[in-house]
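Enquirer: In this note's numbering, the protein residues as written are 626 to 745. Even glycine gets a Cβ: it sits at the ideal position worked out from N, Cα and C. Treat the numbers as computed from the prediction; the structure is a model and nothing was measured.
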């Protein structure tokens with residue numbers, strides 16, 4: 626399995642979107658998706674950023690496919706939720722994700738429907 630496939634497995638495990646992952650590592654939207662589709666190699670600078678952003682992701686697993694995905698006795702999901710500012714490098718990360726979500730047409734429509742139903 627190539628490194629890019631392990632990155633995809635980690636993203637799936639974390640249950641986050643590819644665009645959210647891109648943002649978390651400071652890359653433009655669509656970056657990881659493009660790398661996955663083309664089965665591209667990932668540079669050391671990106672690997673370093675991923676490992677710094679997700680400190681409980683095992684470097685041995687990510688790079689060499691040895692051992693477990695997560696470092697022992699830790700859960701990355703729990704670790705990140707405890708200190709999101711530290712791990713994502715920006716205070717407004719979750720705020721921006723929420724704002725992006727709220728801008729989606731189906732979400733706006735649902736919100737407007739709820740508001741209109743409440744007014745009746």
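Closest to residue 679 by CA distance: which of 692, 656 and 639 is it?
Expert: For the purposes of this step, residue 679 is identified with residue 54 of the chain shown, where counting begins at 1. Here the closest residue by C-alpha is 639.
Enquirer: Are the CB atoms of residue 674 and residue 658 nearer to each other than 8 Å?
Expert: Counting from one through the chain shown, the residue named residue 674 turns up at place 49. Counting from one through the chain shown, the residue named residue 658 turns up at place 33. It is not a contact, given that the beta carbons lie outside the stated cut-off.
Enquirer: Taking the alpha-carbon of residue 632 as reference, which of 672, 655, 653 and 648 has the nearest alpha-carbon?
Expert: Residue mapping note: residue 632 aligns to position 7 of the chain shown, counting from 1. Of the candidates 672, 655, 653 and 648, the one whose C-alpha sits nearest the C-alpha of residue 632 is 672.
Enquirer: Would residue 685 be called buried (16 or more neighbouring beta carbons within 10 Å of its own) or exposed?
Expert: Position 60 of the chain shown, counting from 1, holds the residue named residue 685. So residue 685 ends up on the exposed side.
Enquirer: Can you list, in chain order, the residues of its chain whose CB lies under 7 Å from that of residue 656, leaving out five sequence neighbours each side?
Expert: If you number the chain shown from 1, residue 656 lands on position 31. Counting only Cβ-Cβ distances below 7 Å, and skipping sequence neighbours, we find 647.
Enquirer: In the DSSP assignment, what are the bridge partners of residue 682?
Expert: By one-based count along the chain shown, residue 682 stands at place 57. 695.
Enquirer: Measure the Cβ-Cβ separation of residue 635 and residue 682 and say whether it is below 8 Å.
Expert: As a first step, residue 635 must be located in the chain shown, where it is residue number 10. As a first step, residue 682 must be located in the chain shown, where it is residue number 57. Yes, the pair counts as a contact, with Cβ atoms nearer than the cut-off.
Enquirer: Indicate whether residue 629 and residue 667 have their beta-carbon atoms separated by less than 8 Å.
Expert: Along the chain shown, one-based indexing puts residue 629 at 4. Along the chain shown, one-based indexing puts residue 667 at 42. Yes, these two residues count as a Cβ contact at 8 Å.
Enquirer: Answer with buried or exposed for residue 687, where buried requires no fewer than 16 other C-beta atoms within 10 angstroms of its C-beta.
Expert: Position 62 of the chain shown, counted from the start, is the residue given in the question as residue 687. So residue 687 counts as buried.
Enquirer: Leaving out the 5 sequence neighbours to the left and right, which residues in its chain are closer than 7 Å to residue 627 when beta-carbon positions are compared?
Expert: What you label residue 627 is simply residue 2 of the chain shown in a count that begins at 1. 664, listed in sequence order.
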